[in-house]
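Student: Sharing a structure below in structure tokens format, with a few things to ask.
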Amino acid sequence: MVAFEILAVVALVVANGFFVSVEFALVSVRRARIEYLVEQGKPSAKLVRKLLDQTDRILAAAQLGITMASLALGWIGESTMAQLIQPLFDSLPHVLATGATHALATIFAFALITALHIVLGEQAPKIYSIRNPEQISMITVRAILIFELIFRPFIWMLDRASQAALQVAGVRGQMTEPGQMHSLEELRMHFIDVYQRGLLNQQQEEMLHSVIEFTQLEAKDVMTPRPELESLEENQMIGDLLDATKESGHSRFPVYREKPENVVGYLSINDVLKVIREEASALRKPIKALTHPIKYVPENKRVSALFQEMQRERVPMVAVVNEFSDTEGIVTLNGLAEEIVGQLERVKESEPQFERVDRRTIRVDGQLRMDHANEQLKLKLPERGEYQTIAGFILYQLQRIPKEGDLLRHEHLRLIVERMDGPRIDKVLIHGL
């Protein structure tokens, strides 16, 4: 009988450790890592991915298992251990009453079973699961699914009761997906900590920060502003596109209706060349016959989400619109890819966006952001929603594409367009500092 009870204690400790492992592996596992293992053909990884889509129910199952094992262990374990320890106390000199020896045996048994429960049933499996979440998840996935299936009605009631309790407490919304619980600020602080411990060099740390900063950019931060666009009106002839291509070198152009802020589509030079080969008179047709519809996105759309969306839908160009549905600029897939590479290249090259020419003159990139220019150069140039860069400010003030040498005065400052790159303002001299 005692041997059976000892086996029951061992089994309950193992069961408790199993459910603890399931719980902590599930909340620690990274979905991206599981997706990779699925691609590698791991059958268990597919089941783990299924678990990640029903986290609340599986965690409820794990908690049910932990509770059942812990209660049973307390019920069986204490009396079993007391039976094993009692003879040791009975063999002591008869200085203690029989009741006292039984009480001491019970206390020692309780302490022993508690230590066994904490060390082998809680801490050890918890730590191991946190360190090896993918491995533990794939080992335990089938067993926890079977357990959840057996106790599903009871687990469903527990899950509903938990949700009701959360609503009473004022907690709304879904639980954060496991493996996605780090905010960008937490990641940034983590990189700083790793760098300070000497596990990253400075360039690697800066590169990681640049990637994080890229995910925080919005469409308005990376778009080509409307004043800098080379757009075509939908009633222009196809031949006009060939002229525009020669001048700019672009292969796609936004197409607008009546006014530049009303972009209705885009036109590709490849489509034009194909039509011309088939029909020479096509040069005299309006470009709207070949215009592709364009996708519209809000100014505040995250660049990371936009990039994935454009890749998935194979969209080469989108129009960025404001709250009035007016086009503020254009974002291209190639431009986004260059922006990602540019984030890393800027870290590698650390090329300054401005340089001092003399005591009162500074040369700046046209793409230098207005807020950065004002902060770093102690300027007081106006910051408005219509533009984000020095080049955008000049275009907004001049209301035309400038030429090299054009001058713009603002209070005591003189902004001189030093160099153009096609329609883009490349370098600007700011005099009067």
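Numbering of the sequence shown is given in our numbering, commencing with residue 14 and proceeding in unit increments. Just so it is clear, CB atoms sit at the ideal spot from N, CA and C, and this is done for glycine as well.
(1) Which of the three DSSP states is assigned to Met81 in this structure?
(2) Mind reading off the beta-carbon distance from Ile429 to Leu442? Whole number of angstroms is fine, and I expect it under 8 Å.
(3) Where does Pro166 land, buried or exposed, given buried means 16+ other C-beta within 10 angstroms?
(4) From Leu255, Ser244, Asp284 and Ile251, pick the residue whose C-alpha is nearest to that of Val268; which is it?
(5) Determine the extent of the beta strand (DSSP E) in which Asp371 is found, giving its start and end residues.
(6) Pick helix, strand or coil for His385, following the three-state DSSP scheme.
(7) At 3 residues or longer, what runs of the beta strand (DSSP E) sit wholly inside the segment 398-434?
(8) To which residues of the same chain is Asn275 closer than 8 Å at the C-beta, ignoring the five residues directly before and after it?
(9) For Lys308, which residues of its own chain have a beta-carbon under 6 Å away from its beta-carbon, when the five flanking residues on both sides are left out?
(10) Cα separation between Gln193 and Pro415?
(11) Beta-carbon separation of Val22 and Gly90 under 8 Å?
(12) If you measure between the beta carbons of Val235 and Val316, is that distance less than 8 Å?
(13) Starting from the C-beta of Val154, find all residues in its chain whose C-beta is less than 8 Å away, skip the five residues before and the five after it, and write them out in chain order.
(14) At which residues does the beta strand (DSSP E) containing Phe266 begin and terminate?
(15) Whole angstroms is fine: what's the gap from Asp80's alpha carbon to Arg43's?
(16) Taking the alpha carbon of Ile71 as the point to measure from, which residue in Arg382, Phe160 and Asp253 has its own alpha carbon closest?
(17) Closest by CA to Ala174, which one among Asp69, Leu411, Val132 and Asp434?
(18) Put Glu246 into one of helix, strand or coil per three-state DSSP.
(19) Assign Leu50 to one of three DSSP states: helix, strand, or coil.
(20) So, for Gln324: in the same chain, excluding its five sequence neighbours on each side, which residues have a beta-carbon less than 8 Å away from its beta-carbon?
(21) Could you say which of Tyr141, Glu336 and His263 lies nearest to Pro436 if we only look at CA atoms?
(22) By the DSSP assignment, the beta strand (DSSP E) with Thr374 in it spans what residues?
(23) With a threshold of 8 Å on Cβ separation, who are the neighbours of Asn447 within its own chain once the five nearest residues in sequence on each side are excluded?
Tutor: With the structure as the only source:
(1) helix
(2) Confirmed, Cβ separation roughly 4 Å.
(3) exposed
(4) Ser244
(5) Asp371 -> beta strand (DSSP E) spans Phe367 to Asp371.
(6) helix
(7) Counting only runs of 3 or more, we get 420-423 and 426-434.
(8) Same-chain partners within the cutoff: Tyr269, Asp339 and Thr340.
(9) Val328 and Val331
(10) Residue confidence for Gln193 is low, a pLDDT of 47 falling below 50, so the modelled location carries little weight and cannot support an answer.
(11) yes
(12) yes
(13) Ser57, Leu60, Val61 and Leu64
(14) Run containing Phe266: Arg265 to Tyr269, per the beta strand (DSSP E) assignment.
(15) For the record, residue 80 in the displayed sequence is Thr; it is not Asp. When rounded, the distance between both Cα atoms is 26 Å.
(16) Relative to the Cα of Ile71, the nearest Cα in the group Arg382, Phe160 and Asp253 belongs to Phe160.
(17) Asp69
(18) strand
(19) helix
(20) Leu346
(21) His263
(22) Thr374 to Asp378
(23) Limits of the chain in this structure are 14 at one end and 446 at the other, which puts residue 447 out of reach.
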